[in-house]
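Enquirer: Start counting the sequence shown at 1; every next residue gets the next number (the UniProt record's numbering).
Virtual Cβ for every residue (Gly too), placed ideally from N, Cα, C.
Given the structure is predicted, the values throughout are model-derived calculations rather than measurements.
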Amino acid sequence: MSPGCRRGAAIWGADGRLLQGAGPGRPVMIVGADIPGLRRRHIAAAFRKLGAVDAVIGSAPDGGYWLIGLRHVPPSGLFAGVRWSTADARADTLATLRGLRVAEAATLADVDEAADLPRARQLLA
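#1: Can you check DSSP and say which residues form a bridge with residue 102?
#2: Report the CB separation of residue 109 from residue 37 in whole angstroms; it is logged as a contact under 8 Å.
#3: To the nearest angstrom, report how far apart residue 92 and residue 41 are at their CA atoms.
#4: Select from 34, 118, 107, 115 the residue whose C-alpha is nearest the C-alpha of residue 57.
#5: Helix, strand or coil for residue 94 per DSSP?
#6: Going by DSSP in three states, residue 115 sits in which element: helix, strand or coil?
#7: Pull up the DSSP beta-bridge partners for residue 69, would you.
#8: Measuring CA to CA, which of 61, 35, 67, 98 is closest to residue 47?
#9: Can you tell me the Cα-Cα spacing of residue 25 and residue 113, whole angstroms?
#10: With DSSP collapsed to three states, give me the class of residue 43.
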């Protein structure tokens, strides 16, 4: 298992435990903490979309994502096989959601490495 996989599993819960925390029938959303352009309106819009679909995902330009929300308890193994910290993370996660109605939230950049800091500074200014 690569370090990126361990990190993703630790953050998101490899079997979706974090997303099960809200309990049956309650929507839940996980949001990345490294999103300098994130505003309250982005979260509100994602929850509005989640009211009409099974899942919502907010993409990052690097192939990952900054937000995932589910309207119901997630399928078992939701994050199994996701290649975290790669350009395939979003696509891998969407593959596990196949058969569910998925909406897209706003695309927002995250901060993964030092090269991302100048853009983050601009967004936070």
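Expert: Short version:
#1: Residue 102 is bridged to 55.
#2: Between residue 109 and residue 37, the beta carbon gap of about 6 Å places them in contact (Cβ cut-off 8 Å).
#3: Answer to the nearest angstrom: the Cα atoms are 27 Å apart.
#4: The shortest Cα separation from residue 57 among 34, 118, 107, 115 belongs to 107.
#5: Three-state DSSP puts residue 94 in a helix.
#6: In the structure shown, the three-state DSSP call for residue 115 is helix.
#7: DSSP links residue 69 through a beta bridge to 29, 56.
#8: The shortest Cα separation from residue 47 among 61, 35, 67, 98 belongs to 67.
#9: Cα atoms of residue 25 and residue 113: separation of roughly 37 Å, rounded to the nearest angstrom.
#10: Helix.
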